[in-house]
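Chains A and B supply the protein sequences, listed in that same order. Those letters in the first sequence? Residues 1 to 152, by the numbering used here. Those letters in the second sequence? Residues 1001 to 1339, by the numbering used here. Quick reminder that beta carbons are idealized off the backbone N, C-alpha and C, glycines included.
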Amino acid sequence: MSATKGLSSLTYKQLVEHHTPAQPILRNTARAFVVGGAICVLGQFVQVLFVRYAHFSVTDAGNPTVAVMVLLSVIATALGVYDRFAQWAGAGSAVPVTGFANTMAAAALEHKSEGWIVGIGGNMFKLAGPVVVYGVVSAFFVAVIHYIIIHL
Amino acid sequence: MPKLGNQTWRFESEPRVVTTGTIAGRIESEGPLGSWFDVKLDKNGMQSHSWEHDEQSLFNQSANLALQKSGISPKQVDLLIGGDLNAQLSGFYFGLRDLPTPSLGIYSACSSSTEALALAGLALDSGMAHYVLAGTSSHNSTAERQFRSPTEYGVQRPSTAQRTVTGAGMALLGKTGSNIALTTATIGRVVDYGVTNPWEFGAAMAPAAADTLTAHLQDTGHSLEDYDCIATGDLGHIGHKILRDLLSEQGLDPGGRLTDCGILIYRPDQPEVFSGGSGAACSTLVTFAYLLHQLQSGRWRRLLVAATGALLSTVAAQQGETIPSICHAVTFERKDASA
């Protein structure tokens, strides 16, 4: 901390902010909206295909649709395209299923060189783990609230 | 007195840079300095079974390039000094393990390059070595894994981010052998201005660069005008602007002689380079391949390279720690034969 002479950390923060380009929030929001929506439209399209050509009910078509979306995301990740797409699309690419599949596929690819068990197996949920943990925890509390409302 | 002021070592025997070996990744080779590198990779993908192994191989190739150019055998080299960004310095130790040479691995993140050069100068000047190989490596994909997230993870990087350079460079230094001398080294202090965002390396490191540059000028009694070029390590476009402001607060105006290796290595319109280059190989590649040639060709007489390192650890970052930084500077001078 020897070099803090003449500058408090607050004024340094202001100096940094002065030279840091503003985040293009409007552009990022617009792209996230369009891309996130487009991924959902694609999912809807896949679901319609399952209903129309494979004669699934609308509810039953949900699971195979998710599987197709996950597969598409994993293929894009493996081809090295998904991260570039995400740089452009921002939060739009984090739309649950495809974003989640990307976190798992990316971690699996990254740790492939450490082997199947400790490498891929041990690290696959590195990024996706928190989503699973807090998804399950929040689902538990929602279920408790639901139970209380129904039974009291 | 070989020690000047508080932080600067003067190498009175004026050790020389005999040869350099540089090898650069594809994106770096496509950048504005592409034609200066000895070996340019034309492929982006993994060359072996892991990114780590790829980086080790880059390190090994750069050492062999420097040795081949000089005609010095590895057994004649007294000391290897180097580092990289991998845990346990696996790039350096694994990459150079087939050389029969005493080795010192060092770490100060992206300022490892000038730390290695400073120690090489010390070893040569003290007579502990006749030949020293010094250098660093970094690899975009190993650094991403070490410090950030998996390479294929879809996350949007802000414009303050920097791209870790893929490449390696080593210099063979000796008592004689060229007209480029390593004359001083200023050892940096750890400086922390409270930056916490790991995407803002430039802002974290600029105060360290300002601290070491002013210490260097004070210790040597030189002014900015005594240098034809002052190149910081990898502050990038944003950190460079911050450094200029920090220097001007102390009444220093470096003008056009102040540049940054992170700015020089990429064109701003290259994909995903953001604020510029970073990584332990950034300052090494730019200095060994490009800056030293400007001295050799006679364009410049005195060059100061101040490599900057953000001493980030992923654990410390997640624990909410600020990012301390360090900057070590070395001076190169052209010594004409008559002198």
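Alpha carbon of residue i to alpha carbon of residue j, nearest angstrom
i: residue 1325 of chain B; j: residue 150 of chain A; result: 58 angstroms
i: residue 1309 of chain B; j: residue 1191 of chain B; result: 10 angstroms
i: residue 25 of chain A; j: residue 1162 of chain B; result: 20 angstroms
i: residue 1251 of chain B; j: residue 1295 of chain B; result: 28 angstroms
i: residue 1194 of chain B; j: residue 1322 of chain B; result: 5 angstroms
i: residue 1051 of chain B; j: residue 1141 of chain B; result: 6 angstroms
i: residue 1067 of chain B; j: residue 1037 of chain B; result: 16 angstroms
i: residue 1153 of chain B; j: residue 137 of chain A; result: 25 angstroms
i: residue 1304 of chain B; j: residue 1074 of chain B; result: 29 angstroms
i: residue 40 of chain A; j: residue 129 of chain A; result: 23 angstroms
i: residue 1234 of chain B; j: residue 113 of chain A; result: 30 angstroms
i: residue 1031 of chain B; j: residue 1277 of chain B; result: 11 angstroms
i: residue 1063 of chain B; j: residue 1228 of chain B; result: 28 angstroms
i: residue 1188 of chain B; j: residue 1006 of chain B; result: 10 angstroms
i: residue 84 of chain A; j: residue 1114 of chain B; result: 34 angstroms
i: residue 1096 of chain B; j: residue 144 of chain A; result: 60 angstroms
i: residue 1077 of chain B; j: residue 1121 of chain B; result: 14 angstroms
i: residue 1087 of chain B; j: residue 16 of chain A; result: 30 angstroms
i: residue 1311 of chain B; j: residue 1317 of chain B; result: 10 angstroms
i: residue 103 of chain A; j: residue 152 of chain A; result: 41 angstroms
i: residue 78 of chain A; j: residue 101 of chain A; result: 11 angstroms
i: residue 86 of chain A; j: residue 1291 of chain B; result: 36 angstroms
i: residue 1116 of chain B; j: residue 1299 of chain B; result: 26 angstroms
i: residue 1144 of chain B; j: residue 51 of chain A; result: 42 angstroms
i: residue 1174 of chain B; j: residue 1160 of chain B; result: 39 angstroms
Own chain partners of residue i with C-beta closer than 6 angstroms, once the 5 adjacent residues on each side are dropped
i: residue 1177 of chain B; result: 1016, 1018
i: residue 1091 of chain B; result: 1055, 1056, 1059, 1084, 1137
i: residue 1258 of chain B; result: 1230
i: residue 91 of chain A; result: 32
i: residue 1202 of chain B; result: 1235, 1236, 1238, 1239, 1275
Beta carbon proximity, residue i to chain A, threshold 8 angstroms
i: residue 1156 of chain B; result: yes
i: residue 1126 of chain B; result: no
i: residue 1203 of chain B; result: yes
i: residue 1106 of chain B; result: no
i: residue 1000 of chain B; result: The first residue shown for chain B is 1001 and the last is 1339, placing residue 1000 of chain B beyond what the model contains.
i: residue 1238 of chain B; result: yes
i: residue 1245 of chain B; result: yes
i: residue 1093 of chain B; result: no
i: residue 1149 of chain B; result: yes
i: residue 1321 of chain B; result: no
i: residue 1193 of chain B; result: yes
i: residue 1272 of chain B; result: yes
Chain A contact residues for residue i, given Cβ-Cβ distances below 8 angstroms
i: residue 1152 of chain B; result: 77, 78, 80, 82, 83, 102, 105, 106, 109, 110
i: residue 1344 of chain B; result: Chain B is shown from 1001 up to 1339; residue 1344 of chain B falls before or after that span and cannot be answered.
i: residue 1030 of chain B; result: In chain order: nothing, as chain A lies at least about 16 angstroms away.
Any C-beta of chain B under 8 angstroms from that of residue i
i: residue 43 of chain A; result: no
i: residue 86 of chain A; result: yes
i: residue 12 of chain A; result: yes
i: residue 36 of chain A; result: no
i: residue 138 of chain A; result: no
i: residue 99 of chain A; result: yes
i: residue 90 of chain A; result: yes
i: residue 127 of chain A; result: yes
Other residues of its chain near residue i: CB distance less than 7 angstroms, five sequence neighbours each side excluded
i: residue 1014 of chain B; result: 1181, 1183, 1335
i: residue 1314 of chain B; result: 1147
i: residue 126 of chain A; result: 107
Amino acids of chain A, ordered along the chain, whose beta-carbon sits closer than 9 angstroms to that of residue i
i: residue 1241 of chain B; result: 18, 19
i: residue 1055 of chain B; result: None at all; the shortest Cβ gap to chain A is about 12 angstroms.
Partner residues on chain B for residue i, Cβ-Cβ distance less than 7 angstroms
i: residue 71 of chain A; result: In chain order: nothing, as chain B lies at least about 16 angstroms away.
i: residue 93 of chain A; result: 1154
Contact set between residue i and chain A, taken where Cβ atoms lie within less than 7 angstroms
i: residue 1145 of chain B; result: 110
i: residue 1050 of chain B; result: 113
i: residue 1159 of chain B; result: 21
Partners in chain B for residue i, counting only beta-carbon separations shorter than 8 angstroms
i: residue 158 of chain A; result: Any answer about residue 158 of chain A is impossible in this case: the structure gives chain A only from 1 up to 152.
CB contact below 8 angstroms: residue i versus chain C
i: residue 113 of chain A; result: Of the protein chains in this structure, namely A and B, none is chain C.
Anticipated Cβ contact below 8 angstroms, residue i with residue j, distance rounded
i: residue 74 of chain A; j: residue 105 of chain A; result: 4 angstroms
i: residue 1306 of chain B; j: residue 1280 of chain B; result: At roughly 15 angstroms, the Cβ-Cβ gap does not stay under 8 angstroms, so residue 1306 of chain B and residue 1280 of chain B are not in contact.
i: residue 19 of chain A; j: residue 1238 of chain B; result: 5 angstroms
i: residue 1282 of chain B; j: residue 1165 of chain B; result: 4 angstroms
i: residue 1040 of chain B; j: residue 1029 of chain B; result: 4 angstroms
Sequence-distant residues of its chain with Cβ nearer than 8 angstroms to residue i (five each side left out)
i: residue 1149 of chain B; result: 1155
i: residue 1254 of chain B; result: 1224, 1230, 1244, 1247
i: residue 123 of chain A; result: 107, 108, 110, 111, 114
i: residue 1003 of chain B; result: 1009, 1010
i: residue 97 of chain A; result: 43, 66, 69, 70, 73
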